[in-house]
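Participant:
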Amino acid sequence: MAVRSPAGPWVPRRRRARGPVPANARLLPRAHAWRESPIVDERRQSGGGVVTLPAPIRWRDGRLWLLDQRRLPDEVFYEEQLNARDVARAIRDLHVRGAPAIGVAAAYAMAMAWRNGDDLVQTAGELRLARPTAVNLEWAVDRLLHAASRGADLMEEARAVHDEDRAMCEAIGRHGAELIKPGSNLLTHCNAGALAVSHLGTATAPMYVAHEAGVRFHVYVDETRPVLQGSRLTSWELARAGIDHTLICDSVAAHLMAEDAVDLVIVGADRVTANGDTVNKIGTRALAIVAQYHGVPFYVACPSSTVDSTTATGADVAIEERPVAEVTEGIPAVLGVKVRNPAFDVTPAELVTAYVTEHGVVKNIGDG
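In numbering that gives the first Met the number 0, the protein residues as written are 0 to 367.
This is the structure in structure tokens:
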């Protein structure tokens, strides 16, 4: 069993970051965990420096390590996942998050179940229930089941899923970078960065590629209540990459657009339905509505694995409800107050300017 945080609902710790992560690493005795790990992807900037981007998933020597994103930005801490059940729990508890990263983790979970001789159908069911809204999870599980049915090596298949995810992020970055002009101001929501996938991210991939090409721009980062993926994760990533950015409360975005301070909005997606509706972190829909009102282009960056062609519209997607503690613990709140905490919302296709996929920037998701 993987080493985990104490039982009970997890809430974000609101503490200051401790600065750059040291390059040294050490294996904790009997803990199956790495602290201050150098497990990162390296990307070279145009100026010759090296940008270190966090790798949320690491498969090395037949062992799966996941970066515990709940500890960020205070601590970089990798935990080994010993079986598929550990991975399902890690997905459910936000140890690993982001639709593409969840898909890659689920692929390795299926491969470990296959290697251990576990029931693959039962394992697939447990994984699907971990985060039902993220379509990449279901896509990866189904792909591994299909591979098993034809007698394929599931370890090789899982590695292929991982490699393909990296390649798609690179392509999204190249296509999306063309949207970023020198001196422009971008706005992003939640974390669709390197922590949410296996490489450059989706919404942040164009930022990294443009930055490496020497384009100078600025990013407004929504803090993204209640779990603070923007302030804890996206800001941390951009700081490591040396990208100029400003953290804002979610409610500030409309004010900035009214002041003509935002040139474009770019977000990721947990699921895009056949008609182009986008299921993403709660608050995305409000951003899209405000962006359209103020004439600000609104882009959704996602790989083709996030497109769910079997679901007609966003109205057909079950929206996950997260624990009350995420909203009420750690801040002043009336004891026993009623809470709604949906993890996602649906942005109608008509509010999306275009989709940035590995195939290009397309107006209709069916073209990508």
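Cβ atoms here follow ideal geometry from the backbone N, Cα and C, with glycine treated the same way.
1. If we count Cβ pairs, one from each stretch, closer than 8 Å, do we get three or more for the region 202-217 versus the region 176-193?
2. Considering just the uninterrupted stretch of the alpha helix (DSSP H) at ALA353, what are its terminal residues?
3. So, using beta-carbon positions, are PRO302 and ILE171 closer together than 8 Å?
4. Can you name the start and end residues of the alpha helix (DSSP H) that ILE288 belongs to?
5. If you reduce the DSSP assignment to three classes, tell me which class ARG57 lands in.
6. Which residue comes first and which comes last in the alpha helix (DSSP H) that contains VAL326?
7. Is it buried or exposed for THR309, if we count other Cβ within 10 angstroms and need 16 for buried?
8. Please specify which runs of the alpha helix (DSSP H), each continuous and at least 4 residues long, are wholly inside the region 160-237, giving them in chain order.
9. Under the three-state reduction of DSSP, which class applies to ILE38: helix, strand or coil?
10. For HIS161, is the classification buried or exposed, using 16 other Cβ atoms within 10 angstroms of its Cβ as the cut-off for buried?
11. Rounded to whole angstroms, what's the CA-CA distance from VAL86 to VAL196? Just pull it up for me.
12. Taking DSSP as the reference, what is the three-state secondary structure of THR78?
13. Out of curiosity, what's the CA-to-CA distance linking VAL345 and TRP138?
14. If we count the other Cβ atoms within 10 Å of its Cβ and call it buried at 16 or more, is VAL336 buried or exposed?
15. Just to confirm, are ILE242 and GLU222 a CB contact at a threshold of 8 Å?
16. Between ASN279 and ALA290, which are expected to be in contact by the criterion C-beta below 8 Å, what is the C-beta distance as a whole number of angstroms?
17. GLN68 and LEU227 - do their beta-carbons sit closer together than 8 Å?
18. From the DSSP output, in three-state form, read off ALA342 for me.
19. Tell me whether GLU211 is buried or exposed, calling it buried when 16 or more other Cβ atoms sit within 10 Å of its Cβ.
20. Please confirm whether LEU186 and ALA252 have their CB atoms less than 8 Å apart.
21. Would you say PHE76 lies against chain D (beta-carbon separation less than 8 Å)?
22. At the level of alpha carbons, what is the spacing between ALA105 and HIS254?
23. Helix, strand or coil for ILE90, going by three-state DSSP, please let me know.
24. Can you pull the DSSP bridge partners for ALA300?
25. For VAL381, count neighbouring Cβ atoms within 10 angstroms of its own Cβ and tell me buried if that reaches 16, exposed if not.
26. Does the separation of the CB atoms of ALA110 and MET167 fall below 8 Å?
27. I'd like the list of long-range same chain contacts for ALA146, defined as Cβ closer than 7 Å, with 5 residues on each side in sequence excluded.
28. DSSP on LEU66, reduced to helix/strand/coil?
29. Is the CB-CB distance between ALA348 and ASP276 below 8 Å?
30. Just tell me which of LEU93, GLU320, ALA314, GLY200 has its CA closest to the CA of VAL266.
Facilitator: Looking at the atomic coordinates:
1. yes
2. Looking at the DSSP string, ALA353 is not in any alpha helix (DSSP H); the run it does join, the beta strand (DSSP E), is 353-356.
3. yes
4. 283-293
5. strand
6. 324-327
7. exposed
8. 204-211
9. Because the pLDDT at ILE38 is just 46, under 50, the model does not fix this residue reliably, and the point stays unresolved.
10. buried
11. 16 Å
12. The amino acid occupying residue 78 in the given sequence is Glu; Thr does not appear at that position. In the structure shown, GLU78 sits in a strand (DSSP, three-state: E or B).
13. 20 Å
14. exposed
15. no
16. Actually they do not touch by this definition, with Cβ atoms about 13 Å apart.
17. no
18. coil
19. buried
20. yes
21. Of the protein chains in this structure there is only one, and it is not chain D.
22. 40 Å
23. helix
24. VAL355
25. No answer is possible for residue 381: it lies beyond the span of the chain, which begins at 0 and ends at 367.
26. no
27. LEU153, GLU156
28. strand
29. yes
30. GLY200
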